[in-house]
Amino acid sequence: MRRIVGNLLNAYDTQKPFTVEAPAHVEANLMERGDDRFLHLIQYQSVQVGEKSTAFYAPIETITPMHDIGVTVRDSSIKQAVLQPEGLELPLRRTDDGVAFTVPKLHIHAIVQLKR
Numbered sequence: 012m013r014r015i016v017g018n019l020l021n022a023y024d025t026q027k028p029f030t031v032e033a034p035a036h037v038e039a040n041l042m043e044r045g046d047d048r049f050l051h052l053i054q055y056q057s058v059q060v061g062e063k064s065t066a067f068y069a070p071i072e073t074i075t076p077m078h079d080i081g082v083t084v085r086d087s088s089i090k091q092a093v094l095q096p097e098g099l100e101l102p103l104r105r106t107d108d109g110v111a112f113t114v115p116k117l118h119i120h121a122i123v124q125l126k127r
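The opening residue of the sequence shown carries number 12 in our numbering; numbering runs sequentially from there.
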């Protein structure tokens, strides 16, 4: 149901400041501080290992990293995208109304600093 509603919103909301090509369990938000923007990607996927009713301890949760998440930002003034805190500069591709880049890995939380 979430995917259906999301697809409907995407079809009619053509002025979104960014799009992220990821499953529904990845949340994204864009914040500004000074001249920079910060795109936060948060993965809520978890898999429980073990049975809670039969274990003497809480089941272990594992979070599988995701790779190669495509992002498009509708801001043509972006000059650089840096994955933080790693300091890894992500290659930018220019689009008609902004930039696109790929986040190589998302484990739990990733921040992309967008510099103007």
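C-beta: ideal position from N, C-alpha, C; glycine also.
For clarity, every value in this text was computed on a predicted model and none was experimentally measured.
- Beta-bridge pairing by DSSP links aspartate 47 to Arg44.
- In the DSSP assignment, glutamate 32 falls within the unbroken beta strand (DSSP E) covering 29-32.
- Under the 10 Å beta carbon count, arginine 127 is surrounded by fewer than 16 other beta carbons and is classified as exposed.
- One thing to note: histidine 118 has its Cβ within 7 angstroms of the Cβ of proline 76.
- Under a 10 Å Cβ-count criterion, glutamine 95 is classified as exposed, with fewer than 16 other Cβ atoms of the shown protein chains found around its own Cβ.
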